[in-house]
Each structure stands twice: as C-alpha cells, then as structure tokens.
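To start, the structure itself, in structure tokens.
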DNA sequence: TCAATATATGAATAACTGTTCATATATTAC
DNA sequence: GTAATATATGAACAGTTATTCATATATTGA
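Chains as they are written, first to last, in my numbering: chain A, 6 to 121; chain B, 6 to 121.
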C-alpha cells in the first residue's frame, strides 16, 4: 500500500498541497504574467524600458525587429499589466507598470547569477 | 526628422537601452526560467512543493494529471533549476530548488493582488 | 534470477504562439 | 477636407510546446 518510504509525510504534504492550491483562475493569472515575460523579444522590451518611458519608434530602435512585431508584443505586455501606455499626440508612450516588474526581473537575474 | 515630441529624451533612453541590453545568452537564460514557470501545470507543481518535498506519486496526487505528463513537466522544471531531485530507494523525491523560487511566485502574486 | 513498483522518455499529434504582410485607425499639419 | 506620420490589428504561416501512449530504466524484495 505504501507507495514510497515517506508515505505518511508525503501524503500529508499532498493533502496540504491540494488544500492550499490556488484557484484555477489565480493559477491562470500568475501563469499569464510569466508567459508574458518569458519571450526573449518581450523581455528585451522590459529591459529597454528600465531606461525610462519610450514611444514605439524608439522601442523598436532599442530592441530591433519590425514595428508590427514590436506592436504585437507591446499589446501582450500591456494586456498582462507589465507595462502601461499613454497617448501623447501622435505617439503612444510606454513605461513599466510598477516597481514589481523590475523586482521580478532582478530576482531571477540574481537567481541565475547574471548581471543585467 | 523628429519622430515624436520627446525625440531627444526617448532617443537617449533608446541609446542607453541598447548599451545596457543584457547579452543574448543572458536574455535566453532569464527567458527559459520564466517559460518554465509559465505553464499552469508546472506552476501547480511549484505551488504543491511549497508544502515540502514529495515523490512523484504524491505530486500527481496533489496536482492531478497523468504520471507521464507530470514526469515530463518535472524534467522541464528540473532542467531550468527550479526544483531539485534526489533518489530515495525506488522513489525520486522533489523539492523547490531554493528560496528564490518561492520569492518570485510570491512577488507576482503580490503584484496581482491574489492570495496564494 | 524474476516480478513488482516507481519513474523517465521517445514519438506522434494537437494546440498554441510569434512573426510577417497587408491594412486599418488615430492624430497632426496643411 | 487631404496627406503624412505613428501605431495597431487581423489573417496566415511556421515554429514551438504539452499531452498521450507505449515502452524503457532503475530499484527492491523474493
């Protein structure tokens, strides 16, 4: 019956895990954030915006790629609330949504021991 | 010539962004970490392991799905160093790799204002 | 050695995602 | 109003990824 040498301990952990598992909806929300910042091209946009707000033209200049591709990526980052946008005349000016964004990036970079 | 009303400011930011952009390799490493924890099924495994180490059988019990699917996900999490494994007799016992893993999860949950 | 159990893995398929291209919308200047 | 500029978006295609199924490996106990 025992499936492993730690049946009692692991079973309790599994029960606790089920009891404390976040709701599907919250898992999906967290997942969406990580997915948004998991593409290299989107990561580069976030790294670029560390320097301050920029309009699309200059983001393209900073990260490369086509205007269309960057614009699609900006939408995904915006939908997942990692960046915010404001219109300024003909331009849309983007910036990081809040201090959490940089904090997450820095935490992972620390974890990986890579300087950014 | 000016592409936006903040040409000077944005151009400087873009130049700084290019100068401070992490190397492709580092972007890829950071990207890989976020990708690893961006799938709902893998996120659930991490949430489950908050309760302590568990063998595969009990992880399956905690998060659902088939043994094979969970095993594939465990490999991805392991390859990206989010979890670690040790053999214990017939079982492989998994646990979170270090305190950074939970810290990142909690940071994002705080950002989203969802309790986990 | 053999059987039983726990876990891992390769291949195939289905679903998802990023980019490109063409085009649409919005703002400004005339 | 029209032209020019900045940005966004829909569709299509290509590349990627998660799951399933079948099977392989590793450990234990007999």
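Ideal Cβ placement from N, Cα and C applies to all residues, glycine included.
A quick note: this is a predicted structure, and the numbers were derived from the prediction, not measured.
With 16 as the cutoff for other CB atoms within 10 Å, does residue i come out buried or exposed?
i	result
residue 56(B)	buried
residue 58(B)	buried
residue 78(A)	buried
residue 96(A)	buried
residue 30(B)	exposed
residue 92(B)	exposed
residue 73(A)	exposed
residue 40(B)	buried
residue 66(A)	buried
residue 53(A)	buried
residue 109(B)	buried
Which residue marks the beginning of the alpha helix (DSSP H) containing residue i, and which one marks its end?
i	result
residue 31(B)	29 to 41
residue 84(B)	72 to 84
residue 47(A)	45 to 54
residue 25(A)	12 to 25
So the beta strand (DSSP E) residue i belongs to, where does it begin and stop?
i	result
residue 92(B)	88 to 93
residue 97(B)	96 to 101
Can you check DSSP and say which residues form a bridge with residue i?
i	result
residue 61(A)	BP columns for residue 61(A) are empty, so no partner.
Measure the Cβ-Cβ separation of residue i and residue j and say whether it is below 8 Å.
i	j	result
residue 112(A)	residue 116(B)	no
(request) Could you please tell me which residues of the segment 94 to 114 of chain B, in chain order, have their CB closer than 9 Å to any CB of chain A? (result) 94, 95, 96, 98, 102, 103, 105, 106, 108, 109, 110, 112, 113 and 114
(message) Against chain B, which members of the segment 36 to 49 of chain A pass a CB distance test of less than 7 Å?
(response) 36, 38, 39, 40, 42, 43, 44, 45, 48 and 49
(message) At a CB distance below 7 Å, what residues from the segment 61 to 79 of chain B approach chain A? Give them in sequence order.
(response) 62, 63, 66 and 67
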